[in-house]
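Residue numbers (my numbering), protein chains in the order written: chain P, 18 to 363; chain L, 18 to 363; chain C, 18 to 363; chain A, 18 to 363.
Note that CB positions come from ideal geometry on N, CA and C, so glycine has one too.
As structure tokens, then:
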């Protein structure tokens, strides 16, 4: 058994990590952090976990280093940078799902997060937490930086087509739709108050969303042409799920089959990424509570645009599930360990 | 008082028409049709209308012609064609919200509706039921064909920019999202069964949706360049509302202000179309139960794409509200009569 | 036109009052208070009211007295007591929907609201804002105290049966269920954060809810026997609506027809209270956005218990609708003025 | 590994059984029945189960007997009776969650299910599928009849108090609230069409619901006094979950602590039934996707009524979870096998 810490254990990412790791055969949860609920019993703060043991504690890298070999961090922007150097120094391997170590070009960080970046060297060292693209590096590295939930949905949908040169990378339109758990749990806002968020839809962060540069970074690595992404996220009145609809221009008259074939080839050996057959389009309900990404591929008959739709659970493959998948790689155990649960349908 | 018939009074369009027309100062509802509930009291079939008078009857154009001066039709595809010729012949003026008379090129009809078109002559005569564009013709014509709900949202969002040549009309991407009342009320399907439709999102009709040719028809009328629209609709777990996100390429470097100015100029005198100020984006909740269309306009800073978001109530401005607006024009009364109710918020 | 102030114009009660009064033919809204948004344009704070005029102001009884003849108050507990004495003194007539003037026995107030009561004399003078029971007093009094939303649903369901001695008043069980707008809009809590409140049900305030003593006060006035009410409220994941299920023991073997007849007799002349026929049970959707109360009446065949179900919109008949109904009585205009809108169904 | 059949594999009970049994270490799913989808691949009919093997088949007791040792049946009323005799004859042990074998007094069956009962002898033999009360019999019997979802919630809430004589069993009021998956998946009705079922609440089956006689049967077995239950179920706009609020009269002045102590004593050793501490009340979200039942206990201070609230997942402990728990007992494996997943929260 490996001792693992969860940083941010009362946010939605942390709650999902606890759910997954309590059932993980190789992990002991030995440190659970929460600033707001420090000192309280886990099972008192999380009544959906009757019988869960332990007490929540404030973030404490020294204690984490003493008690844990791995730390999984789901913290607000800026918080990981404060403790990761010390954790790595002490030999703790880290999977971080916050934004601090995602952008290789840390000069971009202040613009999107309104904070200085204080850990550029480690950003250069960090490996993106996308097992489908960085499997071997993740296994051996000491710092993994998982992408944002939208980025995971976008990159899984676009990467094979970009890599094979099947689409015009200078004009990618991504229309993202998220359930409201994507807004987090700590900062209560009127916009997420049930009567305000229920029975309505809206676009937000139009003009530029924080996850866009991550998407571009990953897609740009696959092509020499200059990648341009237009991404608009939307709020949808449901709890979990991201649906990403991509509009692309196929090159050289590639049709739906060519696009789908490329996708299927790329993900044929992946346990968690499935390309649906012609005519089937994914629903977020099909993946809720799982680490799956489902992909639908087609062509708009009139315009010839390629349409790719990807569905993930924003807290699963979009967050905690992917973190555990990375942890499994780092532990050298089967990548699917603890991640085989099916969707609680309906 | 004018005697008005509603064809399809137990579908969602018809239910909304009854709500609006019961409160309309110049209208008497004298004929309400329903095949499924013919012979039953309106208030028994619609318990949300306690005290409503009258009995539902099967469609009967002869009786409608005897008893009514106007007919508002919200019928399944193919049904309006069966009775409109007789109604017009008898002097009844018609507002139809079904697809039968929307497409001027009736050769397109069989492809999208899987039915032969039997009334091409009247299709040529019909005026599109969009008061913002056909106000004067609507006032004087005998047959008005209101567009589909998605089309209304799309055309209101795009028309000013197409007309002024501010965008590249050969590459318009429209991502549509609808509440589930858009699926209608008569044909029950597993996909709309509450446990299946709740807490999920999905794309549908990818490849080509019936409303696309209507959108193109209206936008094409405004420009010489060949209009191309890529439109993908999505189901969202809420009852009412359409949100349409348009991705366009501005010409000659037009920025957000130029786009917004054009929109505001175009709709400055419109009672039901409002262009929001810079930085504000519409929610469907703001328009539920109303005849309003709210429009947000901006630019993606990285890609330069123009983003237009329009929000309507699919049963309001997208259906019954627009029909009543057209009826008001035909009656020669104030266009807003009976349409001034505010959103029941939240 | 009468000048009317709304106190608390950015809470849900106030928002609904604005919606109703903007459409009221005898009212000018001349003062809208909000502590949080003071100084901002109404239409900026409430984008669902495009075109609404005016600026929100902090509560100011002197200004309200100068500018208004009537004040409709939807304020947090304790706030009405601070300004009502001054308003009445200045000749302003008041309809208050907060709890300050509901309890005739003001000694009960501190126990339920954790505040001292400072206006006992006016509490004695205030008339309960239930037109069905206090129509004539409301018309002539200067201070009306509307009941809580649960109380309205409960008293309308129980009063005829208590008054006619048809049930055992010593054992009334009331199971209340509310949409989440009942929790208000100002104080954000984790429990009402969309992901927490969505897809779940729970009981709250078990042991004793603030509205219980109001219910008992009104029912006790109708009988000599000692009324005892057991009331448990529940949160349901929807925005608007209260459903109250009452379990009672009929006296002298009264059956469903006897109970229903008593209810129908009592409300035969009421515009907003309808007793449904045998076998029909009300839904909250049938009354959303309206001032209606629908009542279903039956008997449990095995146990002989009487079952009464009442449905209201908590913000309509349970709050703003009832306040406007009271205002109409005070103004001497038709009691239904501005309240005839039908439910926005579905 | 034991070969197990699921009868009714495309209803919600069957879907949940497949989810649980695919992860069960001692079970091979060798026969999945569906009348509607017979002949289709499981993973095509259930896209939320990518990679699931096998083809759906029509019910065929001979084939089931050949291929399976156990059959778990989630069939419409009357269907189990048609095949269970043959299955038992062939040595297959059966867990049925339909109503056919629940009522020991089969004379009651036609009244509630409008069907003749054709298998009274086996009804006498069947053991109720409630492990907390019939653990040993379940382990050895060949036919287990799991109760309805409401009955499980009600009996778990009431049994300890009835057994210890702590409440007046002649006056038990049970207010039940269910998510809409309780309505099943096969028979589509307008009432469960998303736009009709969303954003509304209603009571149904007032006067007498099918689950009442089951509840009475189980509670009556615990006392000599004549049990009387008043039960009214309600529909709530969410997918999963039952909340049952019980109103009881404590005997001999038993207070909240006495009631709670009795509950805690009774369930101290149960893995799936937890009594919450004073002041905490269960939410259905805390148990979604699990086999848990959470119980809250208190007293109404004014009336002295005892209030017990129980929360289960109607498809978990209320259906498939309980069936698997029974199967585990029959297999002689740990009762919790395959049932340890925590709630997918939020």
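Bridge-paired residues (DSSP) for residue i
i: residue 20 (chain P); result: P:45
i: residue 192 (chain A); result: A:249 and A:262
i: residue 145 (chain A); result: A:162
i: residue 89 (chain A); result: A:23 and A:112
i: residue 104 (chain A); result: None, per the DSSP bridge assignment.
i: residue 323 (chain L); result: L:265 and L:316
i: residue 50 (chain L); result: L:74
i: residue 210 (chain P); result: C:210
Proximity below 8 Å, CB of residue i to CB of residue j
i: residue 88 (chain L); j: residue 24 (chain L); result: yes
i: residue 324 (chain P); j: residue 272 (chain P); result: no
i: residue 145 (chain A); j: residue 235 (chain A); result: yes
i: residue 133 (chain A); j: residue 320 (chain C); result: no
i: residue 263 (chain A); j: residue 337 (chain A); result: no
i: residue 192 (chain C); j: residue 266 (chain C); result: no
i: residue 342 (chain L); j: residue 148 (chain L); result: yes
i: residue 91 (chain C); j: residue 28 (chain C); result: yes
i: residue 107 (chain L); j: residue 82 (chain L); result: yes
i: residue 299 (chain C); j: residue 167 (chain C); result: no
Contact set between residue i and chain L, taken where Cβ atoms lie within less than 7 Å
i: residue 308 (chain C); result: None at all; the shortest Cβ gap to chain L is about 12 Å.
i: residue 318 (chain P); result: 224 and 225
i: residue 256 (chain A); result: 212, 215 and 216
Contacts that residue i makes with chain P (C-beta to C-beta distance below 7 Å)
i: residue 216 (chain A); result: 216
i: residue 315 (chain L); result: 223 and 224
Simplified DSSP state of residue i, which is helix, strand or coil
i: residue 264 (chain A); result: strand
i: residue 343 (chain C); result: helix
i: residue 217 (chain A); result: coil
i: residue 123 (chain C); result: helix
i: residue 29 (chain P); result: helix
i: residue 228 (chain P); result: helix
i: residue 337 (chain L); result: helix
i: residue 257 (chain P); result: coil
i: residue 58 (chain P); result: strand
i: residue 288 (chain C); result: coil
i: residue 9 (chain A); result: Since the displayed chain A opens at 18 and closes at 363, residue 9 (chain A) lies outside it and no answer follows.
i: residue 75 (chain L); result: coil
i: residue 300 (chain P); result: strand
i: residue 199 (chain L); result: helix
i: residue 180 (chain P); result: helix
i: residue 353 (chain L); result: coil
i: residue 328 (chain C); result: strand
Proximal residues of chain L, C-beta to C-beta of residue i below 8 Å
i: residue 209 (chain P); result: Going along chain L, no residue has its Cβ under 8 Å from residue 209 (chain P), so there is no contact; the nearest lies around 13 Å.
Beta-carbon neighbours of residue i, restricted to chain A and to distances below 7 Å
i: residue 198 (chain L); result: 212
i: residue 302 (chain C); result: 216 and 217
Neighbour list for residue i in chain C, Cβ cutoff strictly below 9 Å
i: residue 202 (chain P); result: 207, 210, 212 and 213
i: residue 262 (chain A); result: 192, 220, 223, 249 and 251
i: residue 357 (chain L); result: 39 and 40
Chain C contact residues for residue i, given Cβ-Cβ distances below 7 Å
i: residue 363 (chain A); result: 212 and 213
query: Does the region 286 to 295 of chain P come close enough to the region 196 to 206 of chain L to have 3 or more Cβ pairs within less than 8 Å?
result: no
- prompt: Do the region 345 to 360 of chain C and the region 165 to 185 of chain A touch if we need at least three Cβ pairs shorter than 8 Å?
  reply: no
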